[in-house]
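The sequence shown begins at 1138 in the numbering used here and counts up one residue at a time. Read through the structure below, which is laid out as structure tokens, and then see the notes.
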Amino acid sequence: MKTNDLSLEKPSRREFLQHSAAGSSALVLGSFWSDLANAEQQITKPNEGAAFTPSALMKISSDGTVTLISKQPEIGQGIKTSLPMVIAEELEVNWKDVKIVQGDLNPAYGGQFAGGSLSTPLNYDDFLKLGAVARTMLIEAAAQTWNVAVAECYAEKSKVIHKTSKRQLTFASLVTKAASLPVPDVKTVKLKDPAHYKLIGSRIGGVDNAALMTGKPLFGIDVKVPGMLYAVYEKSPAFGGKVISANLEAIKALPGVRDAFIIEGTDNLNSLMPGVAIIAESTWASFSARKQLKVVWDEGQVVNESWDDFSAKAQALSKQTGAIGLRKDGDVNVALAKAAKTVEASYSYPFISHASIEPQNCTAWYKPEDGSLELWVPTQNPAAGQAIVTNILKIPKEKITLHMTRSGGGFGRRLSADYVIEAAAIAMKVKAPVKLTWSREDDMRHDHYRAGGFHFLRGGVDAKGKLTAWHNHFVTFANRVMRDGKSVLQPGSGASLSGEEFPGRWVENCLLEQTPMECGIPMGPWRAPGSNVFAWVFHSFIDELAHAANRDPLEFRLEILGDKDMMQGTGERGQPYNVGRMRKVLKEVAEKSAWGKRKFPRGQGQGIAFHFSHRGYIAEVAEVTVSKDGQLKVDRVVVVTDIGSQIVNLSGAENQVQGSVIDGISTLMFPELDIQRGRVVQSNFNEYGLLRMPDSPTKIDVHFLKSDYPVTGLGEPAFPPLAPAVCNAIYAATGKRVRQLPLSRNDLRWS
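See the structure below:
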């Protein structure tokens, strides 16, 4: 048995990548990047006995089965279902005839990552073309078989039909003929009119749903390889700490333990950190042995860092000029002095964890006989895993095989590859297949966190209630890194403000500043990086200004947006902002929620917010009830989205929006990490709150507006507006303004 066949329960998951076409006729189409310029080289002709290769994205077999590779990581966002739907739509294949197989890391597929809600926009057009090319070739094969004109034939439900005679040929019967044809120039291939889509835009259940519901092995943590050993990896409780000594001999003597050793690691907080590995015959044995591990650590200078100290330092820095000027329009100080009303406020939010249900894990098998490494990984960025192994362990990329498993949640955490390099380093020492499994405590205390932050804001409105001044001094967190031979402070992922953040281009007098605070805390991308907190800060403060001006919050926002349809980007990396699209979703959400048309009793209220992120224009209205003793219930959330001209899978799209709303409420209400002596205090879910079912919204209304713009993703853009919409509703209900997260730190009682 080949080692590639050892993943999970059923070797057949990848068998079409492993075995040749000999013995069966098949049409195989590969990846069609660069306008499908290499299409002719990607056709596999079965009569030539060519083997199937991982570069193939599509295989049509002589039994009628259409096998499609899902090249992107599946982390619960539904891409394993929706992207194959795009190919199947243009191919005109019956969905019941489609088999989807998770692809491994392979450069022939192009980019393979799940992040930034980019999987759909980066692949949609190419996948349409791939399906259309295959359909065109099948129709040509049928036309030649019947000796009729191609224009007289069309494809439907896995068959080609002759319009006049109604003769039919199945795809299965045409594969040999189609595979012998030249590949048409993609520019000559006609795509379907979206008005005639049958599959795209419909509701299709996830292809893994049955396996998920019956507990079939799909995830990295399910991987089993014959002869596999089980590893744990103990790192310093303080970030960046190094091992001085450990009771290795005592650990090696414990039942079931095969080995224990120190790994020196690196100084990179997001890479291979120093630690102690324990390898045992079972997960239980490795976890049990770890409880008796005694390590002496050099914890370094990070032990001087704490959240309280950071908070005090941020307050002091706020009184100074920002270290970095991001935007300066007009004169804020003069405008504030002339304003009819001014508002000052400080907003803050803590570090938080990704808290994926499946903790980090990786199975690695190093084979010293040829210097190769095989990996089974739940990852959002397989190329990063491969690259970190090459860079640190010096194993050439061509010697690394990386199998992608389904991930039990990602939210940006699995864009990092620290757990991959840990497993690889352990396997290289053990020279046997090893599964590294993090505990829940590992996952929480050694995350790459969403950065905390502090915003110090001033705003002013004139006598007519128009916004005339906006000043934000953002005090953020940064790690010290080497860049171009110089030591610099690099803000964490999502912890750097853009000079174009709303309302940066809309206010005549605008000053945006940023000051980084150095820390030794590892940070990484967290769902909708930056936007997930910036939307809460900006749209909460805009709400404050609207109420100070005695204006309706919807009307106030529409006035800020103005009457331009497009706000051009400014600066070297400026991004255009389609104001017309945002106005439309904002007006639509107001209509769908009956904004301003109902009178709420005290303790109940509506709040509104919008945000543009990850190419999506989203507006949300939240309706809440706050009891007199301060208990919050989110009664209803209305979401209107504009993510382009087409929703691929309506079921999956609704799921993504609903999930964003629930995740947004959870993140707003409960989670926070306290930093003391350079380490995270919280260790598990008993200390790190997440939303429970009784706290979920009673109703989530989801509306999609189609627009004449490219299709984009939906995993992130619906998340940012939720928190400000809820907090603005809390103010409407109680008169209490939320300026600190999580919500649990706020007293919402009213009388």
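In this text, a Cβ means the ideal position worked out from N, Cα and C, and glycines have one as well. Remember, predicted model here, so these are calculated numbers, not experimental data.
Only counting runs of 4 or more residues, tell me where the alpha helix (DSSP H) segments fall wholly within the segment 1687 to 1722, in order along the chain. Those alpha helix (DSSP H) runs which fall completely within the segment 1687 to 1722 and span 4+ residues are 1690 to 1698.
Q. With burial defined as no fewer than 16 other Cβ atoms inside 10 Å of the residue's Cβ, what is the status of Gln1429: buried or exposed?
A. The residue in question, Gln1429, is exposed, as its Cβ has fewer than 16 Cβ neighbours within 10 Å.
Contact belief for Ala1615 with Pro1653 at Cβ below 8 Å, rounded distance in angstroms: That pair is a contact at about 4 Å.
### Message
For the structure I just gave you, are there three or more beta carbon pairs, one from the segment 1252 to 1264 and one from the segment 1840 to 1850, closer than 8 Å?
### Response
Judged by Cβ distances under 8 Å, the segment 1252 to 1264 makes contact with the segment 1840 to 1850, as three or more pairs qualify.
With distance defined between alpha-carbon atoms, name the residue in Ala1756, Asn1346, Leu1552 and Cys1656 nearest to Ala1520.
Among Ala1756, Asn1346, Leu1552 and Cys1656, the Cα nearest to that of Ala1520 belongs to Leu1552.
inquiry  = Please report the distance separating the alpha-carbon of His1608 from that of Met1703.
reply    = Distance between the alpha carbons of His1608 and Met1703 is about 23 Å.
- Does the Cβ of Met1806 have 16 or more other Cβ atoms within 10 Å, making it buried, or fewer, making it exposed? Around the beta carbon of Met1806, 16 or more other beta carbons lie within 10 angstroms, which makes this residue buried.
| task | Measure the alpha-carbon distance for Gly1508 versus Ala1564 and round it to whole angstroms. | result | So the two alpha carbons sit approximately 12 Å from each other.
Margin query: Quick check: what's the CA-CA separation for Gly1767 versus Val1863?
Written below: If you draw a straight line from the Cα of Gly1767 to the Cα of Val1863, it is about 14 Å long.
**OP:** Count the other C-beta atoms from every protein chain shown that fall within 10 angstroms of the C-beta of Lys1531, then say buried if there are 16 or more, exposed otherwise.
**Re:** It is exposed - the Cβ of Lys1531 has fewer than 16 other Cβ atoms within 10 Å.
Short check: CB of Leu1682 to CB of Ala1727, under 8 Å? No; because the gap between Cβ atoms is not below 8 Å, this pair is not in contact.
**Request:** Within the segment 1606 to 1689, note down every full beta strand (DSSP E) run reaching 3 residues or more, in order along the chain.
**Result:** Segments of the beta strand (DSSP E) lying fully in the segment 1606 to 1689: 1623 to 1628 and 1646 to 1655.
Around the Cβ of Ile1388, are there at least 16 other Cβ atoms within 10 angstroms (buried) or fewer (exposed)? Buried, since its Cβ has 16 or more Cβ neighbours within 10 Å.
>> To the nearest angstrom, how far is the alpha carbon of Ala1891 from that of Pro1640?
In response: Nothing can be reported for residue 1891: it is not among the residues displayed for the chain, which extend from 1138 to 1888.
Any idea what DSSP makes of Thr1458, helix, strand or coil? Note: Thr1458 maps to coil in three-state DSSP.
Locate the beta strand (DSSP E) running through Met1541, then write down its first and last residues. Per DSSP, Met1541 is one residue of the beta strand (DSSP E) stretching across Ile1537 to Met1541.
inquiry  = Is the separation between the beta-carbon of Asp1468 and that of Cys1647 shorter than 8 Å?
reply    = Pairing Asp1468 with Cys1647 gives a Cβ-Cβ distance that is not under 8 Å.
Considering only DSSP beta bridges, list what Ile1837 is partnered with. Paired residue(s): Val1774.
Ordered list of alpha helix (DSSP H) runs contained in the segment 1188 to 1228, each at least 4 residues
Taken in chain order, the complete alpha helix (DSSP H) segments of 4 or more residues contained in the segment 1188 to 1228 are 1216 to 1228.
Are at least three pairs of beta-carbons, each pair with one atom in the segment 1282 to 1299 and one in the segment 1227 to 1246, less than 8 Å apart? Flag = yes, the segment 1282 to 1299 and the segment 1227 to 1246 touch.
Kindly list the residues whose CB is nearer than 6 Å to the CB of Gly1459, restricted to its own chain and excluding five residues on each side of it in sequence; keep chain order. Once the five neighbours on either side are set aside, the close Cβ partners of Gly1459 are His1610, Glu1650, Gln1651 and Thr1652.
query = With burial defined as no fewer than 16 other Cβ atoms inside 10 Å of the residue's Cβ, what is the status of His1491: buried or exposed?
reply = So His1491 counts as buried.
- Hey, is Ala1665 close to the ligand NAD, as in C-beta under 7 Å from one of its heavy atoms? Ligands displayed in this structure: none; no statement on the ligand NAD is therefore possible.
> In chain order, what residues of the same chain have a beta carbon less than 8 Å from the beta carbon of Gly1201, not counting five sequence neighbours either side?
Replying inline: Counting only Cβ-Cβ distances below 8 Å, and skipping sequence neighbours, we find Asp1234, Ser1295, Thr1307, Phe1308 and Ala1309.
| request: Starting from Thr1574, follow its DSSP beta bridges and name the residues at the other end. | output: Thr1574 pairs with Asn1498.
Q.
What does DSSP give as the partner residue(s) for Asp1466 in the beta ladder?
A. According to DSSP, residue pairing for Asp1466 in a beta bridge involves Cys1647.
Touching or not, the segment 1815 to 1827 and the segment 1760 to 1774, by the rule of three or more beta carbon pairs under 8 Å? Under the three-pair Cβ rule at 8 Å, the segment 1815 to 1827 does not count as touching the segment 1760 to 1774.
- Give every residue of the same chain whose Cβ lies closer than 8 Å to the Cβ of Val1223, excluding the five residues on either side of it in the sequence, and list them in chain order. These residues qualify, in order along the chain: Asn1260, Tyr1261, Phe1264, Leu1265, Gly1268, Ile1337 and Val1785.
Problem - Rounded C-alpha distance that separates Ile1802 from Asn1407 - result: If you take the alpha carbons of Ile1802 and Asn1407, they lie about 28 Å apart.
*What three-state label does DSSP hand Val1818 in the structure shown?*
Of the three classes helix, strand and coil, the one that applies to Val1818 here is coil, per DSSP.
Can you give the beta carbon distance from Cys1499 to Leu1512, rounded, assuming they're within the 8 Å contact cut?
Between Leu1512 and Cys1499 the Cβ distance is about 6 Å, and since that is below 8 Å, they are a contact.
Of the choices Gly1546, Arg1550 and Gln1741, whose alpha-carbon is the least far from that of Tyr1586?
Comparing Cα positions, the closest option is Arg1550.
Residues near Val1203 in its chain [Cβ-Cβ closer than 6 Å; skip 5 each side]:
If we look at Val1203 and ignore the five residues flanking it on each side, its Cβ neighbours are Ile1197, Val1230, Asp1234 and Val1235.
*asked:* Between the alpha carbons of Tyr1334 and Ser1797, how many angstroms are there, rounded?
replied: CA-to-CA, the gap between Tyr1334 and Ser1797 works out to about 27 Å.
Open item on the list: So, under 8 Å CB-CB, Thr1723 and Phe1747 are touching, yes? Tell me the CB distance rounded to an integer number of Å.
Closed with: The residue asked about is misnamed: residue 1723 is Leu in this sequence, not Thr. Indeed, because the Cβ distance is near 5 Å, the residues count as touching under 8 Å.
Three-state secondary structure (DSSP) of Tyr1334:
Three-state DSSP puts Tyr1334 in coil, outside helix and strand.
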